[in-house]
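Chemist: Numbering (the numbering used here), first residue to last: 130 to 370.
No residue lacks a Cβ here, since even glycine has one placed at the ideal position from N, Cα and C.
First, the structure itself, so that you have it in front of you.
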Amino acid sequence: MYNADLKASEISQGKVISCLHCSNQTFAYLIAHYNNHWKSEDNLIWGDDTWNLYRCPVCNKVTLEYISAFSEDLDHEYDHLTGEPVIVPRTTILYPTESSNSIPEPHEDLPQELIADYNEARSIAHLSPRGAAALLRLLVQKLCKHLGASGSNINDDIAYLVKIGIPIDVQKAFDIVRIIGNEAVHPGTIDIRDDKETVHQLFILLNFIVQNQITQPRLINDLFSKLPSSKIEAIIKRDEK
Numbered sequence: 130m131y132n133a134d135l136k137a138s139e140i141s142q143g144k145v146i147s148c149l150h151c152s153n154q155t156f157a158y159l160i161a162h163y164n165n166h167w168k169s170e171d172n173l174i175w176g177d178d179t180w181n182l183y184r185c186p187v188c189n190k191v192t193l194e195y196i197s198a199f200s201e202d203l204d205h206e207y208d209h210l211t212g213e214p215v216i217v218p219r220t221t222i223l224y225p226t227e228s229s230n231s232i233p234e235p236h237e238d239l240p241q242e243l244i245a246d247y248n249e250a251r252s253i254a255h256l257s258p259r260g261a262a263a264l265l266r267l268l269v270q271k272l273c274k275h276l277g278a279s280g281s282n283i284n285d286d287i288a289y290l291v292k293i294g295i296p297i298d299v300q301k302a303f304d305i306v307r308i309i310g311n312e313a314v315h316p317g318t319i320d321i322r323d324d325k326e327t328v329h330q331l332f333i334l335l336n337f338i339v340q341n342q343i344t345q346p347r348l349i350n351d352l353f354s355k356l357p358s359s360k361i362e363a364i365i366k367r368d369e370k
């Protein structure tokens, strides 16, 4: 718990953040702070964990930040003078758990049965990019089945959709989500543990696929059906020649 009424001495403490609640970049007040530094008995392994609670002066909502440093973390940089490895702390936003302002909403034509998967991936995208990418890969497989593929093997399903004529850009979008989602959960050459921007683009690609394969055909068919019946019959006869 914390006291919502800040003292004058507390107002000077804080930092500039992009508030995930209201999308404003502002100086947020630090209203609570906790640090835990620990070492193993032989002092060879250590960790440093910090939790910071900030309050946005614009929307008055809070953001919980977690900063962790671990002596055996492989994500490190090197001191340009000594050449020694320097541990780079990881920063994670624990709350809010979903940033609806940065990750696009599901396309309005995304099949209803897939919306829950999309929103689940969206809710963890900034907290676990790997988890979100894996969920999007699963969603792509389900989308392939919705478009007429078997749904048993995602690579074979994309190959089937290519055979029936999906555009090359759509095929590439499918394969990008498939490969990155697969690499996220298996050892490979792509590491997106902290790559939020790439995962953000996967959501955009998924909505692009829906727009191209579901929305556009629906709009064209709706307009075509409004043509005079005599014109439609003439088109059918023309194409039968």
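#1: Among the residues of its own chain, which have a CB less than 6 Å from the CB of ASP177, if the five just before and after it don't count?
#2: Determine the extent of the beta strand (DSSP E) in which VAL191 is found, giving its start and end residues.
#3: Can you tell me whether HIS166 is helix, strand or coil according to DSSP?
#4: For CYS148 and ALA157, which I take to be in contact (beta-carbon distance under 8 Å), what is that distance rounded to the nearest angstrom?
#5: With DSSP run on the structure shown, which of helix, strand or coil describes GLY310?
#6: Looking at ILE333: is its Cβ nearer than 8 Å to the Cβ of ILE319?
#7: So, with DSSP's three-state summary, where would you put VAL145?
#8: Would the segment 282 to 301 count as touching the segment 354 to 364 if we require 3 or more Cβ pairs under 8 Å?
#9: CB TRP180 to CB TYR195, shorter than 8 Å?
#10: Among residues of its own chain, excluding the 5 on either side of VAL328, which ones have a beta-carbon nearer than 6 Å to its beta-carbon?
#11: Using alpha carbons as the reference points, say which of THR192, LEU272, PRO346, LYS325 lies closest to ILE222.
#12: Could you pull out every residue in the same chain whose Cβ sits closer than 7 Å to the Cβ of TYR247, ignoring the five residues on either side in sequence?
#13: For the alpha helix (DSSP H) that LEU276 lies in, which residues bound it at each end?
Modeler: Concretely, from the data shown:
#1: Here residue 177 is taken as the residue at index 48 of the sequence shown, counted from 1. The answer, listed in chain order, is HIS166, ALA198.
#2: Working through the sequence shown from its first residue, we reach residue 191 at position 62. Taken as a continuous stretch (DSSP letters only), the beta strand (DSSP E) holding VAL191 covers 191 to 199.
#3: For the purposes of this step, residue 166 is taken as the residue at position 37 of the sequence shown. Three-state result, HIS166: strand.
#4: Taking the first residue of the sequence shown as 1, we reach residue 148 at position 19. Taking the first residue of the sequence shown as 1, we reach residue 157 at position 28. Contact between CYS148 and ALA157 holds: their C-beta atoms lie close to 7 Å from each other, under 8 Å.
#5: As a working mapping, residue 310 is identified with position 181 in the sequence shown. In this structure, DSSP gives GLY310 a helical state, which the three-state scheme calls helix.
#6: Position 204 of the sequence shown, counted from the start, is the residue given in the question as residue 333. Position 190 of the sequence shown, counted from the start, is the residue given in the question as residue 319. Not closer than 8 Å, so no.
#7: The residue labelled residue 145 in the question sits at position 16 within the sequence shown. Under the three-state reduction of DSSP, VAL145 is assigned to strand.
#8: With a cut-off of 8 Å, the segment 354 to 364 and the segment 282 to 301 do not count as touching, because too few Cβ pairs lie within range.
#9: Your numbering for residue 180 matches position 51 in the sequence shown. Your numbering for residue 195 matches position 66 in the sequence shown. Less than 8 Å divides the Cβ of TRP180 from the Cβ of TYR195.
#10: Taking the sequence shown and counting its residues from 1, one reaches residue 328 at position 199. Sequence-distant partners of VAL328 (beyond 5 residues in either direction) whose C-beta falls short of 6 Å from its own C-beta, in its chain, are ALA254, PRO258, ALA261, ALA262.
#11: To locate residue 222, count along the sequence shown from 1; it is residue 93. The candidate whose alpha carbon is nearest that of ILE222 is THR192.
#12: For the purposes of this step, residue 247 is identified with residue 118 of the sequence shown, where counting begins at 1. Taking C-beta separations shorter than 7 Å and ignoring five residues to either side along the sequence, the partners of TYR247 in its chain run PRO235, LEU239, LEU268, following chain order.
#13: Against the sequence shown, residue 276 aligns to sequence position 147. Where LEU276 is concerned, there is no enclosing alpha helix (DSSP H), given that its DSSP letter is neither H nor E.
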